Amino acid sequence: MSYKITSDCNSCGACEPECPNTAISAGDDVYVINAEACTECVGFNATPQCAAVCPVDACVTDEGHVESEGDLITKAKKLHPGKDFSGAVPSHFSK
Ligand code: SF4
Numbered sequence: 171m172s173y174k175i176t177s178d179c180n181s182c183g184a185c186e187p188e189c190p191n192t193a194i195s196a197g198d199d200v201y202v203i204n205a206e207a208c209t210e211c212v213g214f215n216a217t218p219q220c221a222a223v224c225p226v227d228a229c230v231t232d233e234g235h236v237e238s239e240g241d242l243i244t245k246a247k248k249l250h251p252g253k254d255f256s257g258a259v260p261s262h263f264s265k
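In our numbering, the protein residues as written are 171 to 265.
As structure tokens, then:
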């Protein structure tokens, strides 16, 4: 499941540099997450970083994009072909 940014976003931009997949960009009114590039931070962090830094709790799970941990690791591999994701990877599923 990817994350999405709600209309509560105040466009502070805190989330953008935290995303390991450069999935976040400034939109017309609020920042937006590219669901094709969001791995819920699986492979990089045990906590979704955008949600962790958002001061107004505008980064939330997107029920329209439900994915398993395996799906997200596969996505991470495609996004970062040079990185080794074998073995235990950081994941909020492991919490
Ligand atoms: Fe990027 Fe992680 Fe937020 Fe997804 S959950 S948009 S990978 S920071």
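Ideal Cβ positions, reconstructed from N, Cα and C, are used throughout, including at glycine.
Since the structure is predicted, the reported quantities are computational estimates derived from the model, not experimental observations.
Residues near residue i in its chain [Cβ-Cβ closer than 7 angstroms; skip 5 each side]
{"i": "C189", "result": "Q219, C220"}
Burial state of residue i (16 or more Cβ within 10 Å)
{"i": "C185", "result": "buried"}
{"i": "E206", "result": "exposed"}
{"i": "S172", "result": "buried"}
{"i": "A246", "result": "buried"}
Nonlocal neighbours in the same chain, by C-beta distance under 6 angstroms from residue i, ignoring five residues either side
{"i": "D178", "result": "V226, A228"}
Beta-bridge partners of residue i, as assigned by DSSP
{"i": "I194", "result": "I203"}
From the options, residue whose alpha carbon lies closest to that of residue i
{"i": "S256", "options": "V230, G213, N191, H262", "result": "G213"}
{"i": "H235", "options": "V223, V259, C208", "result": "C208"}
Cβ-heavy atom distance, residue i to ligand 1, below 6 angstroms
{"i": "C182", "result": "no"}
{"i": "Y201", "result": "no"}
{"i": "P218", "result": "yes"}
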